[in-house]
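Chemist: Counting the sequence shown from 1 gives a position; this note's numbering is that position plus 592.
For every residue, glycine included, the Cβ atom is placed at its ideal position computed from N, Cα and C.
The model shown is predicted, which means the values in this text are computed figures rather than measured ones.
Structure provided below as structure tokens; questions to follow.
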Amino acid sequence: MSLKILVTGGAGYIGAHTVRLLLEQGHDVTVVDNLSKGYRHNVPAARLHVLDLADTAALAQLMREKRPQAVIHFAAFIAVGESMREPERYFANNVGGSLSLLTAMVEAGVKHIVFSSTAAVYGNPHANPILETFPIQPVSPYGESKVMVETLLGWFDRIHHLTSVSLRYFNASGADPASRLGEEHEPETHLLPLLLRAVITGSPITIFGGDYDTPDGTCIRDYIHVDDLAQAHILAVEYLLAGGATDQFKRRRRNRPHGNGNDPGGGGGNRQEGSARDRPAPRRRPAKPGGSLRQAPDQPGLAPAIHRPANHRGTRVGVREGACEDGAIEAPEQAAMARENQGH
Ligand SMILES: NC(=O)c1ccc[n+]([C@@H]2O[C@H](COP(=O)([O-])OP(=O)(O)OC[C@H]3O[C@@H](n4cnc5c(N)ncnc54)[C@H](O)[C@@H]3O)[C@@H](O)[C@H]2O)c1
């Protein structure tokens, strides 16, 4: 079934891969991007609307025109180190922009959103892999801005019945296997493109962190392929459109009132504080058409894995949290954060 989806930040790295996959799957896609970091060449011209998230009226008008069934929200500033130098820009764009988007959705009657959050909401996790039960304690304005948006999503669910899925990942990597798209961050702070650039140019790069418990002292990084991530976002949309509630990820909603200081999503969200032991047993929900979200049963407490139903093409897509992140490779303050498992 063809879906109508609006993608913010669709001219950026992950957004463009998601737009391409949506189009390949026969969906009707509208892209909103201000091209501050993204590229016109990443998106078919007819799909692209050069708009800033801050323009609530224009967003609402576009949504009334295109009537999307859901929004996939990628648009944000993403550099952890930069957010330490210019927090006001991060809060204005990531939080203010998201609030504007949500306001436009309410005005236009769009009820579902998949939000690209980040593992940086966990700050410096005390163990790996990061469990969903770990405390929410961001250590950068970037991470904090994502927590704040998750908080907004909790309230918009409660008050406007706008359902959402927040995906907390890090270290997107790779490119369209057909080489039509790739990673073009400017400045580039991610390890894999920097390594490839080093190979091409012959100029060395520095890998920060030398005291991890590994044979060479550098940290072990987990990555997720950008196409798997794109598919995860699409499955999350299908889950919401099939009637899945934000509550799917809020297992403590009934026990914990909204407003808990550690609980930005309104009772659980994609993350919960406390220890893995203190978490309720994973629940399975009946399979829904088009996809399902469920807790990975083998390691209770891990962030949700997203599975394709058996009748769908392809295989399991997992969103896994890992040992440490990149996105912390260039600037000195980022280097410091790499040591602390901080990044996005
Ligand atoms: N890259 C990663 O490894 C990673 C990891 C975790 C989370 N994320 C999240 O995924 C999302 C996409 O990341 P990316 O790597 O594709 O980044 P990106 O910079 O390539 O893409 C972001 C896009 O958003 C657009 N944008 C920014 N502010 C905007 C605004 N106010 N109005 C309209 N458009 C705006 C930019 O022009 C750009 O095209 C971000 O929200 C990021 O926080 C990324």
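For a test of your reading of the model: does the CB of residue 605 fall under 7 Å from any non-hydrogen atom of ligand 1? Yes or no.
Modeler: Taking the sequence shown and counting its residues from 1, one reaches residue 605 at position 13. Under cutoff, so the answer is yes.
Chemist: By alpha-carbon positions, which one of 607, 596, 601, 594 ends up nearest to residue 824?
Modeler: Mapped onto the sequence shown, residue 824 falls at position 232. It is 607 whose Cα lies nearest to the Cα of residue 824.
Chemist: When you compare each of 780, 754, 772 to residue 764 by their alpha carbons, which one comes out closest?
Modeler: Position 172 of the sequence shown, counted from the start, is the residue given in the question as residue 764. Residue 780 is the option with its Cα nearest to residue 764.
Chemist: Compute the beta-carbon to beta-carbon distance between residue 736 and residue 730, rounded to the nearest angstrom, for a pair I have assumed lies under 8 Å.
Modeler: For this step, residue 736 is matched to residue 144 along the sequence shown. For this step, residue 730 is matched to residue 138 along the sequence shown. That belief holds up - the Cβ atoms of residue 736 and residue 730 are roughly 4 Å apart, short of 8 Å.
Chemist: Go ahead and pull the three-state DSSP assignment for residue 620.
Modeler: Start at 1 with the first residue of the sequence shown, and residue 620 comes out as number 28. Residue 620: strand per DSSP, three-state reduction.
Chemist: Tell me the rounded alpha-carbon separation between residue 594 and residue 643.
Modeler: As a working note, residue 594 is residue 2 in the sequence shown. As a working note, residue 643 is residue 51 in the sequence shown. Cα-Cα distance, rounded: 25 Å.
Chemist: Within 10 angstroms of the Cβ of residue 820, are there 16 or more other Cβ atoms? Answer buried if so, exposed if not.
Modeler: Reading the sequence shown from its first residue, position 228 is the one you call residue 820. Counting Cβ neighbours within 10 Å, residue 820 comes out buried, since at least 16 surround it.
Chemist: Which class does residue 764 belong to by DSSP, given the choice of helix, strand or coil?
Modeler: Walking along the sequence shown from the start, residue 764 turns up at place 172. In this structure, residue 764 counts as strand in the three-state DSSP scheme.
Chemist: Let's see if you can read the secondary structure: which residues bound the beta strand (DSSP E) around residue 663?
Modeler: Mapped onto the sequence shown, residue 663 falls at position 71. Taken as a continuous stretch (DSSP letters only), the beta strand (DSSP E) holding residue 663 covers 662–665.
Chemist: With a threshold of 16 other CB atoms inside 10 Å of the CB of residue 828, please say whether the residue is buried or exposed.
Modeler: Locating residue 828 in the sequence shown gives position 236, counting from the first residue. Per the 10 Å Cβ criterion, buried.
Chemist: Can you tell me whether residue 913 is buried or exposed, with buried defined as 16 or more other CB within 10 angstroms of its CB?
Modeler: What you label residue 913 is simply residue 321 of the sequence shown in a count that begins at 1. Only weak support is given to the placement of residue 913: the predicted model assigns it a pLDDT of 30, under 50, and the value that follows is read from those uncertain coordinates. Label assigned to residue 913: buried.
Chemist: Using the Cα positions of residue 670 and residue 813, report the straight-line distance between them to the nearest angstrom.
Modeler: Translated into the one-based positions of the sequence shown, residue 670 becomes position 78. Translated into the one-based positions of the sequence shown, residue 813 becomes position 221. One C-alpha to the other measures close to 18 Å.
Chemist: Is there at least one Cβ from chain D nearer than 8 Å to residue 613's Cβ?
Modeler: In summary, chain D is missing from the structure at hand, where a single protein chain is found.
Chemist: Apart from the five residues on each side of it in sequence, which residues of its chain come closer than 7 Å, Cβ to Cβ, to residue 695?
Modeler: Locating residue 695 in the sequence shown gives position 103, where the first residue counts as 1. So the list reads 648, once near-sequence residues are dropped.
Chemist: Which whole-angstrom value describes the C-beta separation of residue 652 and residue 699, a residue pair presumed to lie in contact below a C-beta threshold of 8 Å?
Modeler: Counting from 1 along the sequence shown, the entry for residue 652 is found at position 60. Counting from 1 along the sequence shown, the entry for residue 699 is found at position 107. Contact flag correct, Cβ pair sits at about 4 Å.
Chemist: I'd like to know whether the C-beta atoms of residue 761 and residue 711 end up nearer to each other than 8 Å.
Modeler: Position 169 of the sequence shown, counted from the start, is the residue given in the question as residue 761. Position 119 of the sequence shown, counted from the start, is the residue given in the question as residue 711. Against a cut-off of 8 Å, the Cβ pair of residue 711 and residue 761 comes out as a contact.
Chemist: Check whether the stretch 680–694 and the stretch 602–622 are in contact - that is, three or more C-beta pairs closer than 8 Å.
Modeler: Output reads no: the stretch 602–622 does not touch the stretch 680–694.
Chemist: By DSSP, does residue 820 sit in helix, in strand, or in coil?
Modeler: Stepping through the sequence shown from its first residue, residue 820 is reached at position 228. Helix, per DSSP.
Chemist: Using a 10 Å radius around the Cβ and a threshold of 16 neighbouring Cβ atoms, would you call residue 775 buried or exposed?
Modeler: Start at 1 with the first residue of the sequence shown, and residue 775 comes out as number 183. So residue 775 counts as buried.
Chemist: According to DSSP, is residue 771 part of a helix, a strand, or is it coil?
Modeler: Looking up residue 771 in the sequence shown gives position 179. If DSSP states are grouped into helix, strand and coil, residue 771 belongs with coil.
Chemist: Is residue 832 closer than 8 Å to residue 755 when the C-beta atoms are compared?
Modeler: Counted from its first residue, the sequence shown places residue 755 at position 163. Counted from its first residue, the sequence shown places residue 832 at position 240. Yes.
Chemist: Assign residue 753 to one of three DSSP states: helix, strand, or coil.
Modeler: Taking the first residue of the sequence shown as position 1, residue 753 is located at position 161. Note: residue 753 maps to coil in three-state DSSP.
Chemist: Taking only heavy atoms of ligand 1 into account, decide whether any of them is closer than 7 Å to the Cβ of residue 768.
Modeler: Within the sequence shown, residue 768 is the residue found at index 176, counting from 1. Flag unset: Cβ of residue 768 not near ligand 1.
Chemist: In terms of residues, what are the limits of the beta strand (DSSP E) holding residue 690?
Modeler: For the purposes of this step, residue 690 is identified with residue 98 of the sequence shown, where counting begins at 1. Where residue 690 is concerned, there is no enclosing beta strand (DSSP E), although the alpha helix (DSSP H) it sits in stretches over 689–700.
Chemist: Over what stretch of residues does the beta strand (DSSP E) that includes residue 598 continue unbroken?
Modeler: Here residue 598 refers to the residue found at position 6 when the sequence shown is read from its first residue. 596–600 is the span of the beta strand (DSSP E), which, as asked, contains residue 598.
Chemist: If residue 621 sits next to residue 615, beta carbons under 8 Å apart, how far is it from one beta carbon to the other, in whole angstroms?
Modeler: To locate residue 621, count along the sequence shown from 1; it is residue 29. To locate residue 615, count along the sequence shown from 1; it is residue 23. Going by Cβ atoms, the distance from residue 621 to residue 615 rounds to 6 Å, so yes, they are a contact pair.
Chemist: What distance in whole Å lies between the Cβ atoms of residue 664 and residue 706, which are believed to be in contact at a cut-off of 8 Å?
Modeler: To locate residue 706, count along the sequence shown from 1; it is residue 114. To locate residue 664, count along the sequence shown from 1; it is residue 72. With a Cβ gap of about 5 Å, residue 706 and residue 664 count as contacting.
Chemist: Could you give the C-beta distance for residue 758 and residue 744, rounded to a whole number, given that I count them as a contact under 8 Å?
Modeler: Walking along the sequence shown from the start, residue 758 turns up at place 166. Walking along the sequence shown from the start, residue 744 turns up at place 152. In fact, because the Cβ distance is near 11 Å, the residues do not count as touching under 8 Å.
Chemist: With residue 791 as the anchor, note down where its alpha helix (DSSP H) starts and where it stops.
Modeler: As a working mapping, residue 791 is identified with position 199 in the sequence shown. Run containing residue 791: 783–793, per the alpha helix (DSSP H) assignment.
Chemist: Alpha carbon to alpha carbon, how far is residue 766 from residue 703?
Modeler: Position 174 of the sequence shown, counted from the first residue, corresponds to residue 766. Position 111 of the sequence shown, counted from the first residue, corresponds to residue 703. Between residue 766 and residue 703, the C-alpha separation is close to 31 Å.
Chemist: From the DSSP output, read off the bridge partner residues of residue 625.
Modeler: The residue you call residue 625 lines up with position 33 of the sequence shown. Note: residue 625 sits in a beta bridge opposite 642.
Chemist: Across which residues does DSSP place residue 635 in a beta bridge pair?
Modeler: Walking along the sequence shown from the start, residue 635 turns up at place 43. Paired residue(s): none; residue 635 is not in a bridge.
Chemist: On the DSSP bridge list, what partners appear for residue 748?
Modeler: For the purposes of this step, residue 748 is identified with residue 156 of the sequence shown, where counting begins at 1. Note: residue 748 sits in no beta bridge, so no partner.
Chemist: What whole-angstrom Cβ distance do residue 692 and residue 645 have, given they're in contact under 8 Å?
Modeler: As a working note, residue 692 is residue 100 in the sequence shown. As a working note, residue 645 is residue 53 in the sequence shown. Contact flag correct, Cβ pair sits at about 5 Å.
Chemist: Please report the straight-line C-alpha distance between residue 596 and residue 826, rounded to a whole angstrom.
Modeler: Position 4 of the sequence shown holds residue 596. Position 234 of the sequence shown holds residue 826. Between residue 596 and residue 826, the C-alpha separation is close to 12 Å.
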